[in-house]
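> Dumping the structure here so I can ask a few things about it.
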Amino acid sequence: MNDSAGLQEWSSSMLTGERVRFRELREQDLAHLAAWWNDPSQAILQQDRVTVRPQETAAAMFRTWSKNESPSGFGYSIVNPAEKLIGHISVWGISVPERIATMAIIISPEFQDQGLGRESLQLGLRIVFEEMGAHKAELQTWSYNSRAIHLYRSLGFREEGRRRAAVFHRGEFHEQVLLGMLEEEYRAAG
Numbered sequence: 007m008n009d010s011a012g013l014q015e016w017s018s019s020m021l022t023g024e025r026v027r028f029r030e031l032r033e034q035d036l037a038h039l040a041a042w043w044n045d046p047s048q049a050i051l052q053q054d055r056v057t058v059r060p061q062e063t064a065a066a067m068f069r070t071w072s073k074n075e076s077p078s079g080f081g082y083s084i085v086n087p088a089e090k091l092i093g094h095i096s097v098w099g100i101s102v103p104e105r106i107a108t109m110a111i112i113i114s115p116e117f118q119d120q121g122l123g124r125e126s127l128q129l130g131l132r133i134v135f136e137e138m139g140a141h142k143a144e145l146q147t148w149s150y151n152s153r154a155i156h157l158y159r160s161l162g163f164r165e166e167g168r169r170r171a172a173v174f175h176r177g178e179f180h181e182q183v184l185l186g187m188l189e190e191e192y193r194a195a196g
C-alpha cells in the first residue's frame, strides 16, 4: 500500500470501526466523562481510590489526555454511528527505544457488555501498531475486574505480572494485573 490512494483510503478509515468511531474531545463530552469517572461503581474499576472529584478537575484530566499534541500518544472520545458519546480511550508513553504504548479506556455504563469496548480497543491497537509504530501495547486492571481481564486476554494481551496488594478496597488488598501485547502478536492475530 505504497500508493497515495491506498494510504488515503487506509487513513480515512483509521479512526472508524463498524460500530464505533474516534473523534476529538468536545466540550459537551466533558460532563458525561466526568460523571462516569466519578460514578463509584465505575471508579472502582478505573482508579486506585474511589473518590468524587469536582467536575472541572475530572474534565481537566480528560482535556489533558485528549490534547493530541504529542507523538507519544492520543486521546479520543468514542462515539457510535448516531454520534452518541459512549466512552473515551487514551494512549500515552510511546518513546524510543522501547516504543511501549500504555492504554486506558472507559465505556459508559449504558453501553457496556455490547462489544463496543472490544471494538474500541481493536481500533486503538490498530492505531498504536500500524500508525504510531509501537512495539508493545500494555494496560492494567485490578484482579477483581474479571470482565476486563477476560476481554484483554481475548484480544491477545498476555498477563505479564501482578503487583501484590496494590489497591485497598472494602477492607482488603487486591492485586494489580499487568497485561501486554507485542507487535508481532498483534499482527499474528490480525
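With this note's numbering applied, the sequence shown covers 7 to 196.
In this text, a Cβ means the ideal position worked out from N, Cα and C, and glycines have one as well.
Helix or strand or just coil, what does DSSP make of M109?
Reduced to three states, the DSSP call for M109 is strand.
> Taking all protein chains shown into account, do 16 or more other C-beta atoms lie within 10 angstroms of the C-beta of D119, making it buried, or fewer, making it exposed?
The residue is exposed, with fewer than 16 neighbouring Cβ atoms inside 10 Å.
> Which runs of the beta strand (DSSP E) fall wholly inside the stretch 79-152 and span at least 3 residues, in chain order?
Runs found: 80-85, 91-98, 106-113 and 142-148.
> Considering just the uninterrupted stretch of the alpha helix (DSSP H) at F179, what are its terminal residues?
Unbroken run through F179 is the beta strand (DSSP E), E178 to L188; no alpha helix (DSSP H).
> Quick one: Cα of H180 to Cα of W148, how far?
Approximately 7 Å, taken between the alpha carbons.
> Quick one: Cα of W116 to Cα of F68, how far?
At residue 116 the sequence reads Glu, which differs from the Trp that was named. Those two C-alpha atoms are separated by around 20 Å.
> Just the Cα atoms here: how many angstroms apart are R169 and G12?
Straight-line Cα distance between these residues: approximately 44 Å.
> Quick one, are the C-beta atoms of L51 and A143 less than 8 Å apart?
No, the Cβ-Cβ distance between L51 and A143 is not below 8 Å.
> Would you please state the rounded distance, in angstroms, between the beta carbons of Y82 and I95? I believe it to be under 8 Å.
Right, the Cβ-Cβ distance comes to about 6 Å (below 8 Å), so this counts as a contact.
> Helix, strand or coil: which one does DSSP assign to T57?
Note: T57 maps to coil in three-state DSSP.
> Can you tell which of G177, L188, G130 and D45 has the C-alpha that lies nearest to the C-alpha of S19?
Cα-wise, what sits closest to S19 is G130.
> Does W43 pass the burial test, meaning 16 or more other C-beta atoms within 10 Å, or should it be called exposed?
W43 comes out buried.
> Which same chain residues end up closer than 6 Å to P103 when comparing Cβ atoms and leaving out the 5 residues on each side of it in sequence?
Hits under 6 Å: none found.
> Nearest-angstrom Cα distance between I112 and G93?
Whole-angstrom Cα-Cα distance: 5 Å.
> Using a Cβ-Cβ cutoff of less than 6 Å, which residues in the same chain neighbour G162 once the five nearest sequence positions on both sides are dropped?
Result list for G162: M187, E191 and A195, in chain order.
> Could you tell me which residues DSSP pairs with V173 in its beta bridges?
Paired residues: H180.
> Given this structure, state the Cα-to-Cα distance separating A172 from S114, to the nearest angstrom.
Whole-angstrom Cα-Cα distance: 25 Å.
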